[in-house]
Amino acid sequence: MSMNGSRDRQVCSKAIPERMSGNEAVSYAIKQVNPDVMPAFPITPSTEIPQMVSTFIANGEIDTAFIPVESEHSAMSAAIGAEAAGARTMTATSSAGLALMWEELLLAASNRLPIVLTLVNRTLSGPININCDHSDGMGARDTGWIQIYAENNQEAYDNYIQAFPIAEDPRVHLPVMICQDGFITSHAVENIELLETEHVRRFVGEYRPEEFLLNPGKPVSVGPYAISAYSMEAKRAQEAAMERAGEVILEVADRFHTMSGRGYGFFEEYRTEDAEYLMVIMGSAAGTAKEAVDELRNEGHKVGIIKIRVFRPFPEKEIAEAIHKSGCKAVAIMDRCESYNGNSGPLGSEIPAGLYRNKVMVDTVNYIYGLAGRDFTVDHVKDVFKELAQVAQGAKPAPHHKYIGLRE
Amino acid sequence: MKKTVEIRWHGRGGQGAKTAALLLADVAFKTGRCVQGFPEYGPERMGAPITAFNRISEDQIRVHSNIYDPDYVVVVDETLLHSVHVTDGLKEDGAIIVNTPRSPKEVRSLLRGYQGRVFTVDARRISEETLGRNFPNTPMLAATAAVCGVMNRKEFLGEMESSFAHKFAKKPEVIKGNMAALEMAYDQVEKDMAKTNVSPVDQKATAKQMKQSA
Amino acid sequence: MRTDITYINERSPYTDLTEGLQLYAGGTSRLFKTGEWRTNTPVLDQDKCRQCLLCAPVCPDSSIPVQGGRRLDFDYDHCKGCGICAKVCPFGAITMKEGIEA
């Protein structure tokens, strides 16, 4: 492989304390990475990202080529073209924008193009609404993209920087979606520790694809038609890359830890040791849940959180092991998205499947919360743990697929 | 200061309540605090009632929900007192700060039985006197900083001056007026806080707060 | 990674395929002998042919090679026997013969 060897020599970066919104943080990371091409079409709540990047370009701070397009369908099409041509390419979108990219999302993944998309999670219509839930990201969960979710602006920033080395690793060559909660983190100003640009650039390295379209004398065809005799093998090979992505994500996290002092894994276990009741949750609500856990622990309740960071590839076995290891009596599985399958949300389906396959037999209750920006509070978390205890003690039948904060 | 102070801003779209919340987060950040400043987003437009929030803490802030039991409430537009329940959940040992030419006594009748401290700031007058125009959020920001005790007067004014120097680098002539607006509002509220004519509940609350900040 | 795609065929395991089935070469259609699909075969009568070259551009499979302004004989490895060339020839120089041999 011809990846930049200087990536291996990593030193600690100085931490630069700042305060920024999540959108500002990701835009700042983009400025530090200085990607080659950004085709984008604005959509709330991710609009600020292309807006800020355009400003950086106009100010001559970076030399990214910004392609203004007429739709997200075109944005992802242009991203595919640019990445195939050999340019490090990224874009940003939300909600309906991601939905309009649907066809191209699958093409980006199946053509094995390491595009990075920053997704600012917003609900999908209808009813038409601009606020946060995970229905856009979850809608794209089977498109072959790696998906990494953030709790706050810091994680959105850190995950973004890690996205390129993950996507571009020759063992992976898959696009990566870096997700954060619309408005809740994208528009909230919070403390953050930035890294030095020089260290970020060294961490990400120079993009040197081995095969690309604009490579004189070395012709390549991208995205050819494949008959049935080849298509199934191609899909299996793509799935194998997703399986390999797991180890690469951990390796990159390890290098990132060395540089920043901040450690990341597939998920974060928060006070899960000896926990009787666990909550599995993803995104900004995990912070609220941690606060509730601390308060409950102070009152003597043994509760903990598993915060999923990497949703694709789905760390099914590791989650099952973590739940098993805690020895907990019941698990609340929190979905900020409805699946409309008559049973459960996406995590509510995938986690129990993983528990079953790994022979971890524990009661689970699937909760749907925070749809279309419905607020999710510390008290909600406490109510969930209270109900979980009642279920485990047999005082209450396990509710099946329950909504939080719903008027009934 | 308490470990974590929660502030809720009530304003109307276009009045700068969100900007004031972000500015407060900014100043508090500069004095080494952990901060959060965020608006409640919706499709509202100019004139519609809006809320914005601040959390200011010595520790990392992890909660990502709106604020339902604030320590302080700031009302940037007093006409909201008739339509929005601004004191909902407001702690009795906290305070409400209202932009109005009226006295706290006059305003209290509109506060749905709130027993805690009430401060009023004639932000319009201060702004017009110092800036020649109605920018109520500058005096309201200073009044809020004074009441919630996030930082002392010197820290606050010092940080604001350097912010203005950066923000108004191209029109430094407006810095003086903005600083005067801040000082006027800060000093008035500080004087009001020191007055003894507070209710017994208020005295208890003030004592409790001083103890917590000690 | 640059792979000699001529080694990939319908018996190759998935691990031997290229990433995204990318093709690391130009003009790879030449490797695919579509001439096997032919049931009728065009035959050129050199005496009747005036080298007007109307046939070459209409061939959908680029199976009429042209060199130095003159057409050569058919590329039977790739000609599918569609008969368009015979139809377009103004001089009756191309006839379609039943079967796969010229």
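Chains as they are written, first to last, in our numbering: chain R, 21 to 428; chain A, 3 to 216; chain P, 10 to 111.
Glycine included, every Cβ here is placed at the ideal spot set by N, Cα and C.
{"Check": "Quick check on the burial criterion: 16 or more other C-beta atoms within 10 angstroms. Buried or exposed for Ile148 (chain R)?", "Outcome": "exposed"}
{"Check": "Using a Cβ-Cβ cut-off of less than 8 Å, give me the residues of the segment 212-245 of chain R that come near chain P, in sequence order.", "Outcome": "Glu230, Glu231, Lys238, Pro239, Val240, Ser241, Val242, Gly243, Pro244"}
{"Check": "Beta carbons nearer than 7 Å to chain R: which residues of the segment 89-120 of chain A have them?", "Outcome": "none"}
{"Check": "Does the structure place the segment 50-66 of chain P close enough to the segment 79-94 of chain P that three or more beta carbon pairs sit under 8 Å?", "Outcome": "yes"}
{"Check": "Three-state secondary structure (DSSP) at Leu159 (chain A)?", "Outcome": "helix"}
{"Check": "Please confirm if Asn151 (chain R) has its CB atom under 8 Å from at least one CB of chain A.", "Outcome": "yes"}
{"Check": "Run the CB neighbour count on Cys357 (chain R), radius 10 Å, all protein chains shown included, and call it buried at 16 or more, exposed below.", "Outcome": "buried"}
{"Check": "Residues in the same chain with beta-carbon distance under 8 Å from Leu82 (chain A), minus the five sequence neighbours each way, listed in chain order, please.", "Outcome": "His12, Gly13, Arg14, Pro51, Val88"}
{"Check": "Nearest-angstrom Cα distance between His420 (chain R) and Asn363 (chain R)?", "Outcome": "8 Å"}
{"Check": "By Cβ distance below 6 Å, which residues in the same chain neighbour Leu81 (chain P) in space, the five residues on each side in sequence not counted?", "Outcome": "Pro74"}
{"Check": "For a cutoff of 8 Å on Cβ pairs, would you count His84 (chain A) as touching chain R?", "Outcome": "no"}
{"Check": "In the DSSP output, what is Phe40 (chain A) paired with across the bridge?", "Outcome": "A:Phe55"}
{"Check": "Hey, how far is the Cα of Glu192 (chain A) from the Cα of Ile204 (chain R)?", "Outcome": "34 Å"}
{"Check": "Quickly, what does DSSP pair Pro51 (chain P) with across the bridge? List them, please.", "Outcome": "P:Met105"}
{"Check": "Quick one, which of A:Arg64, A:Arg47, A:Leu113 has its alpha-carbon nearest Val77 (chain A)'s?", "Outcome": "A:Leu113"}
{"Check": "Short of 8 Å Cβ to Cβ, which residues in the segment 52-86 of chain R face chain D?", "Outcome": "Chain labels in this structure do not include chain D; the protein chains are R, A and P."}
{"Check": "According to DSSP, Glu341 (chain R) sits in a beta bridge with which residue or residues?", "Outcome": "Answer by DSSP bridge pairing: none, since Glu341 (chain R) is not bridged."}
{"Check": "With DSSP as the reference, identify every bridge partner of Thr113 (chain R), one or two as the case may be.", "Outcome": "R:Leu139"}
{"Check": "For the segment 52-72 of chain A against the segment 26-42 of chain A, do three or more pairs of beta-carbon atoms, one drawn from each stretch, fall closer than 8 Å, so that the two count as touching?", "Outcome": "yes"}
{"Check": "Below 6 Å CB to CB, which residues in the same chain sit around Asn18 (chain P) once its five sequence neighbours on both sides are set aside?", "Outcome": "none"}
{"Check": "What are the residues in the segment 249-261 of chain R lying within 7 Å of chain P by C-beta distance?", "Outcome": "Ala249, Tyr250, Glu253, Ala254, Arg256, Ala257"}
{"Check": "According to DSSP, simplified to helix, strand and coil, what is Val209 (chain R)?", "Outcome": "strand"}
{"Check": "Under 7 Å, CB to CB, which of the residues in the segment 170-202 of chain R have a partner in chain P?", "Outcome": "His193"}
{"Check": "Straight-line CA distance for Arg161 (chain R) to Arg332 (chain R)?", "Outcome": "7 Å"}
{"Check": "Using C-beta distances below 6 Å, list every residue in its chain close to Val100 (chain A), excluding the 5 sequence neighbours before and after it, in chain order.", "Outcome": "Val77, Glu80, Val109, Thr122"}
{"Check": "Does any residue of chain R bring its CB to less than 8 Å from the CB of Gly78 (chain P)?", "Outcome": "no"}
{"Check": "Taking the beta carbon of Ile36 (chain R) as the centre, do at least 16 other beta carbons fall within 10 Å, making it buried, or is it exposed?", "Outcome": "exposed"}
{"Check": "I need the straight-line Cα distance from Asn378 (chain R) to Ile326 (chain R), nearest angstrom please.", "Outcome": "17 Å"}
{"Check": "Which one or two residues does DSSP pair with Leu32 (chain P) in a beta bridge?", "Outcome": "R:Ser241"}
{"Check": "Could you tell me which residues DSSP pairs with Arg332 (chain R) in its beta bridges?", "Outcome": "R:Gln167"}
{"Check": "So, using beta-carbon positions, are Leu137 (chain R) and Ser91 (chain R) closer together than 8 Å?", "Outcome": "no"}
{"Check": "Taking the alpha helix (DSSP H) that Ile77 (chain R) belongs to, which residues open and close that run?", "Outcome": "68-78"}
{"Check": "Going by DSSP, which residues form a beta bridge with Cys199 (chain R)?", "Outcome": "R:Leu139, R:Tyr169"}
{"Check": "Need the endpoints of the beta strand (DSSP E) that Thr146 (chain A) sits in, please.", "Outcome": "Counting along the chain, Thr146 (chain A) falls outside any beta strand (DSSP E), though it belongs to the alpha helix (DSSP H) covering 139-150."}
{"Check": "Mind checking Pro236 (chain R): buried by the 16 CB within 10 Å criterion, or exposed?", "Outcome": "exposed"}
{"Check": "For chain R, check one thing: does any of its Cβ atoms lie closer than 8 Å to the Cβ of Arg39 (chain P)?", "Outcome": "no"}
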